[in-house]
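Residue numbers (the working numbering): 40 to 323. Note that beta-carbon positions come from the ideal geometry of N, C-alpha and C, so glycine has one too. This one's a predicted model, so the numbers in the text were calculated from it and none came from an experiment.
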């Protein structure tokens, strides 16, 4: 098996693990709430990263951008919190599809804040993706729910995190950024979670362990994947998460997506792949 094939398989494995984590969050939040589930996610990731960087901890903790590292970490924590809240309120497929707008939002943000060129074809990709989101949200219909806007807030926060990561990326070790992402989220959530703690049942505790384990394994697979293959080559495989979300929604929660949801998801994925293609041509 080639190195590229292994990278692709690890990327799909990472997306699979994250989809299991999301399903666990959706199952456990009605009992314990979003914050404990979010804390379990971050505590698991922080433990993994700490163990991996322990031999060179002093080197990894040095950063040239302490304020930006804290800000990007808060944005990622907010994105995860919004997404976990979203999947607790709306179908898994809907939330995953709306979250999938983030690649085109990153392209827009890069033009607005990083001075990257925004040509007419990329504008079309952004508009089409947002149109796909509107198909899912259906603001003028009787089935509209304000809760559908929460995954979009997650996508916006994630896009801000990604743009700040681009900003600090050339000057920072990737492990430094990963360490601060886990540290800031774990510290903040550890301070907040005692005030929102509901004693979990045995099954709830099992689900929280599943969230921590699947999120941690997904993070490890993602790190290994990006160490073997180029990010641009791996990006389209992240959309496998929509397939997994649809399957878990049907199997575990009896959430059968309607035609408009499937249409909107298809439009978003198509726009995202189009923008990805344009980005690859720009960097080629």
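Cα-Cα separation, residue i to residue j
i: residue 227; j: residue 78; result: 9 Å
i: residue 255; j: residue 84; result: 5 Å
i: residue 40; j: residue 278; result: 23 Å
i: residue 233; j: residue 122; result: 21 Å
i: residue 175; j: residue 82; result: 33 Å
i: residue 244; j: residue 59; result: 16 Å
i: residue 213; j: residue 193; result: 23 Å
i: residue 130; j: residue 311; result: 21 Å
i: residue 290; j: residue 106; result: 43 Å
i: residue 283; j: residue 215; result: 31 Å
i: residue 63; j: residue 114; result: 22 Å
Own chain residues within Cβ distance below 8 Å of residue i, not counting five before or after
i: residue 29; result: No answer is possible for residue 29: it lies beyond the span of the chain, which begins at 40 and ends at 323.
i: residue 237; result: 70, 71, 72, 75
Contact under 7 Å by Cβ, residue i with residue j
i: residue 56; j: residue 117; result: no
i: residue 305; j: residue 132; result: no
i: residue 190; j: residue 137; result: yes
Simplified DSSP state of residue i, which is helix, strand or coil
i: residue 153; result: coil
i: residue 286; result: helix
i: residue 315; result: helix
i: residue 272; result: helix
i: residue 183; result: coil
i: residue 104; result: coil
i: residue 145; result: helix
i: residue 172; result: helix
Cut-off 7 Å between Cβ atoms - residues of its own chain near residue i, not counting five sequence neighbours on either side
i: residue 248; result: none
i: residue 231; result: 74
i: residue 314; result: 142, 143, 146, 161, 164
i: residue 65; result: 126, 127, 131, 292
i: residue 280; result: 54, 57, 58, 135
Beta-carbon contacts of residue i that lie in its chain and below 6 Å, excluding the five residues immediately before and after
i: residue 149; result: 155
i: residue 201; result: 145
i: residue 219; result: 108, 112
Exposed unless 16 or more other CB atoms sit within 10 angstroms - verdict on residue i
i: residue 293; result: exposed
i: residue 98; result: exposed
i: residue 151; result: exposed
i: residue 120; result: buried
i: residue 288; result: buried
Neighbour flag for residue i against chain D, beta carbons, 7 Å
i: residue 309; result: You won't find chain D in this structure, because it holds only one protein chain.
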